[in-house]
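Novice: Next up is a structure, given as structure tokens.
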RNA sequence: GUGGAUGUAGCUCAGUUGGCUAGAGCGCGGGAUUGUGGCUCCCGAGGCCGUGGGUUCAAGCCCCAUCAUCCACCCCA
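In my numbering, the protein residues as written are 7 to 430.
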């Protein structure tokens, strides 16, 4: 074995690709239904976009980016997430000049340099939405319900929705100061990691799993008790809209998100059957992002869903996506002459829309039948010397084993009758 | 970046205290049926035992290194 796929990357092979196609198809359907439109941005961007957008002190920017210099000496980074690119595109293309809000969705690969583990890869795939230029809490609820609707359509009904508000530029700094003060007072009980986080990123202390830290966190001031009036109102309204939609949620004041641009609403959908990486999708509002990477103050909200994690979640629950594989017809040939006749027939059948296959390995009749069986062929069309002489073909129903010989001139018509295909 | 586990056939895995040509099941190919799949039976192909060193008369097994995979931490999708 000479080559491996690079660490943390995966080949997606048949029949798994069918699942991916199904997910993509459903995504297009459902997102369209909510009137979100697809946007496709580059896989790489100038590094600075992510540094500014995601935040210099985040883990992503500090240690997880695939950054390189191109031949022109520019610093380029493979996108680690989708939102910064979408907002950049929105601003660059002056979409703000059109009727608002703008509702986009995207689907594609993202890249982060991390040690792979269950549910985490260096190249992974997200589908996500962004609703830009409105601060309406109804949109927060719409985004969340859209994600839940997608999961529901895949058969996932029992995932936990965690909801929080992380405040805004007004109230968060005040809260962070308060939290810092509290943490410093209880510093002795915190793990080393958290001690150093008090100054660097105090919100992160909140989701430390260390037991001793947990006991400190339990009585720490909660962001939800320290929101300014407008943030508190927004948070209440989001909950009200979620209630209207009958969506269950868990208020989780400890939920913080690792990207700097989040404001107000933050949410994660977790599947506790998943292990350490249990967030299937997560997102929130990012009212400060556009100003950070552009010059306009534009609100926005979105989520990103990890396709690999969605697949893991389905697997954990033994849910099979309704994907179909196999062929309608398999042509079994006996002899060189029959192969040549059949090759024309193969083409005609395919032109009529039948998924049709033939042997390319010169194998025995038995083996050809076996192949037909393995491909789940509905019918096998057998053509040998007898049939050649009669200008006919023998068709065999692979389920019942029934066979009959029919004239080649009637074959196309006959197969239309027998094979249930709506588009034929 | 840190820690733990694991690398033997296409896949899942056996392989004893180191001891002759390295095994099974499944899958794959052929045959039993000179033109018929699923069940059964027979035969067959396919292994630098992850890689490189070392110890030994002798290494799949012991030691070291290295690479890869998995899991966890950090953090996130």
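The beta-carbon is built from N, C-alpha and C at its ideal position, and this holds for glycine as well.
Mapping DSSP to helix, strand and coil, what is residue 262?
Specialist: As a first step, residue 262 is located in the first chain; it is residue number 256 there, counting from the start. Coil.
Novice: When burial is assigned at 16 or more other CB atoms within 10 Å of the CB, is residue 12 buried or exposed?
Specialist: Here residue 12 refers to the residue found at position 6 of the first chain. Residue 12 comes out exposed.
Novice: At the level of alpha carbons, what is the spacing between residue 131 and residue 284?
Specialist: Taking the first residue of the first chain as position 1, residue 131 is located at position 125. Taking the first residue of the first chain as position 1, residue 284 is located at position 278. Rounded to whole angstroms, residue 131 to residue 284 spans 15 Å at the Cα level.
Novice: Roughly how far, in whole angstroms, is the beta-carbon of residue 363 from the beta-carbon of residue 333, given that I think they are within contact range, below 8 Å?
Specialist: Within the first chain, numbered from 1, the residue matching residue 363 stands at position 357. Within the first chain, numbered from 1, the residue matching residue 333 stands at position 327. Between residue 333 and residue 363 the Cβ distance is about 5 Å, and since that is below 8 Å, they are a contact.
Novice: Per DSSP, residue 135 forms a beta bridge with which residues?
Specialist: Position 129 of the first chain holds residue 135. Answer is 111 and 309, bridged to residue 135.
Novice: As a quick exercise: from 249, 304 and 401, pick the residue whose alpha carbon is nearest that of residue 103.
Specialist: Numbered from 1 along the first chain, position 97 holds the residue referred to as residue 103. Residue 304 is the option with its Cα nearest to residue 103.
Novice: Measure how close the beta-carbons of residue 226 and residue 261 come, nearest whole angstrom, since I'm counting them as under 8 Å.
Specialist: Here residue 226 is taken as the residue at index 220 of the first chain, counted from 1. Here residue 261 is taken as the residue at index 255 of the first chain, counted from 1. 14 Å between Cβ atoms; not a contact.
Novice: How many Å lie between residue 96 and residue 276 at the Cα?
Specialist: Locating residue 96 in the first chain gives position 90, counting from the first residue. Locating residue 276 in the first chain gives position 270, counting from the first residue. About 30 Å.
Novice: Alpha carbon to alpha carbon, how far is residue 10 from residue 133?
Specialist: Translated into positions along the first chain, residue 10 becomes position 4. Translated into positions along the first chain, residue 133 becomes position 127. C-alpha separation (whole angstroms): 27 Å.
Novice: Please name the residue, chosen from 66, 258, 355 and 50, that lies closest to residue 80 on a Cα-to-Cα basis.
Specialist: Within the first chain, the letter at position 74 stands for residue 80. Measuring from the Cα of residue 80, the nearest candidate turns out to be 50.
Novice: Would residue 171 and residue 229 qualify as a contact pair, given that the criterion is a beta-carbon distance under 8 Å?
Specialist: In the first chain, the residue the question calls residue 171 occupies position 165. In the first chain, the residue the question calls residue 229 occupies position 223. Yes, these two residues count as a Cβ contact at 8 Å.
Novice: Is the Cβ-Cβ distance between residue 53 and residue 82 less than 8 Å?
Specialist: For the purposes of this step, residue 53 is taken as residue 47 along the first chain, with counting starting at 1. For the purposes of this step, residue 82 is taken as residue 76 along the first chain, with counting starting at 1. Yes, these two residues count as a Cβ contact at 8 Å.
Novice: Tell me which residue opens and which closes the alpha helix (DSSP H) that residue 92 is part of.
Specialist: Your numbering for residue 92 matches position 86 in the first chain. Taken as a continuous stretch (DSSP letters only), the alpha helix (DSSP H) holding residue 92 covers 89-98.
Novice: Have a look at the DSSP bridge pairing and note the partners of residue 226.
Specialist: Here residue 226 corresponds to residue number 220 of the first chain, with the count starting at 1. According to DSSP, which records beta bridges pairwise, residue 226 is partnered with nothing at all.
Novice: Per DSSP, residue 381 is paired with what?
Specialist: One-based indexing of the first chain puts residue 381 at position 375. Residue 381 pairs with nothing; no bridge assigned.
Novice: Using only the alpha-carbon positions, how far apart do residue 378 and residue 355 sit?
Specialist: Numbered from its first residue, the first chain carries residue 378 at position 372. Numbered from its first residue, the first chain carries residue 355 at position 349. Roughly 16 Å between the two C-alpha positions.
Novice: Would you check if the stretch 179-196 and the stretch 211-227 touch, i.e. whether three or more CB-CB distances between them fall below 8 Å?
Specialist: Result yes; three or more Cβ-Cβ pairs closer than 8 Å.
Novice: Inspect the beta-carbon positions of residue 245 and residue 221 and report whether they are closer than 8 Å.
Specialist: The sequence position of residue 245 within the first chain is 239, counting from 1. The sequence position of residue 221 within the first chain is 215, counting from 1. Not a contact, by the Cβ cut-off of 8 Å.
Novice: Got a sec, what are the start and stop residues for the alpha helix (DSSP H) residue 333 sits in?
Specialist: Stepping through the first chain from its first residue, residue 333 is reached at position 327. Element bounds for residue 333: n/a, residue is neither H nor E.
Novice: Going by other Cβ atoms of all chains shown within 10 Å of its Cβ, with 16 needed for buried, is residue 17 buried or exposed?
Specialist: Here residue 17 corresponds to residue number 11 of the first chain, with the count starting at 1. Exposed, since its Cβ has fewer than 16 Cβ neighbours within 10 Å.
Novice: Enumerate in chain order the residues of its own chain whose CB-to-CB distance from residue 208 is below 8 Å, with the five nearest sequence positions on each side excluded.
Specialist: In the first chain, counting from the first residue as 1, residue 208 sits at position 202. For residue 208, where only same-chain residues beyond five positions count, the Cβ hits under 8 Å are 182, 185, 186 and 189.
Novice: Go through its chain and collect everything with a Cβ distance to residue 349's Cβ below 8 Å, but skip five positions before and after it.
Specialist: The residue labelled residue 349 in the question sits at position 343 within the first chain. These residues qualify, in order along the chain: 364.
Novice: Counting only the same chain and skipping the five closest in sequence on each side, list residues whose C-beta sits under 6 Å from that of residue 216.
Specialist: Locating residue 216 in the first chain gives position 210, counting from the first residue. Around residue 216: 197.
Novice: What did DSSP end up calling residue 33 once you bin it into helix, strand or coil?
Specialist: The residue you call residue 33 lines up with position 27 of the first chain. Three-state result, residue 33: helix.
Novice: Assuming the contact rule is C-beta atoms closer than 8 Å, residue 60 and residue 90 should be a hit. Round their C-beta distance to whole Å, please.
Specialist: Counted from its first residue, the first chain places residue 60 at position 54. Counted from its first residue, the first chain places residue 90 at position 84. Right, their Cβ atoms sit about 6 Å apart.
Novice: With DSSP run on the structure shown, which of helix, strand or coil describes residue 45?
Specialist: What you label residue 45 is simply residue 39 of the first chain in a count that begins at 1. Residue 45: coil per DSSP, three-state reduction.
Novice: Please list the terminal residues of the continuous alpha helix (DSSP H) segment that includes residue 211.
Specialist: By 1-based counting over the first chain, the position of residue 211 is 205. From DSSP, the alpha helix (DSSP H) with residue 211 extends over 208-211.
Novice: How about the stretch 110-130 and the stretch 55-71: do they share at least three Cβ pairs that are nearer than 8 Å?
Specialist: Yes, the stretch 110-130 is in contact with the stretch 55-71.
Novice: Can you tell me the Cα-Cα spacing of residue 232 and residue 177, whole angstroms?
Specialist: Translated into the one-based positions of the first chain, residue 232 becomes position 226. Translated into the one-based positions of the first chain, residue 177 becomes position 171. Distance between the alpha carbons of residue 232 and residue 177 is about 7 Å.
Novice: Quick one: residues in its chain with C-beta nearer than 8 Å to the C-beta of residue 436, no 5 flanking neighbours on either side, listed in chain order?
Specialist: There is simply no residue 436 to check, as the chain begins at 7 and stops at 430 in what is shown.
Novice: Grab the span of the alpha helix (DSSP H) containing residue 420 for me, first residue to last.
Specialist: Counted from its first residue, the first chain places residue 420 at position 414. Counting along the chain, the alpha helix (DSSP H) containing residue 420 begins and ends at 414-424.
Novice: What residues are listed by DSSP as bridge partners for residue 275?
Specialist: Translated into the one-based positions of the first chain, residue 275 becomes position 269. Answer is 167 and 287, bridged to residue 275.
Novice: Compute the Euclidean distance between the alpha carbons of residue 320 and residue 326, then round it to the nearest angstrom.
Specialist: Start at 1 with the first residue of the first chain, and residue 320 comes out as number 314. Start at 1 with the first residue of the first chain, and residue 326 comes out as number 320. Roughly 7 Å separates the two Cα atoms.
Novice: Comparing C-alpha positions only, which one of 366, 331, 99 and 157 sits nearest to residue 20?
Specialist: For the purposes of this step, residue 20 is taken as the residue at position 14 of the first chain. For the residues 366, 331, 99 and 157, the minimum Cα distance to residue 20 belongs to 331.
Novice: Measuring straight from C-alpha to C-alpha, what distance separates residue 39 and residue 31?
Specialist: As a first step, residue 39 is located in the first chain; it is residue number 33 there, counting from the start. As a first step, residue 31 is located in the first chain; it is residue number 25 there, counting from the start. One C-alpha to the other measures close to 12 Å.
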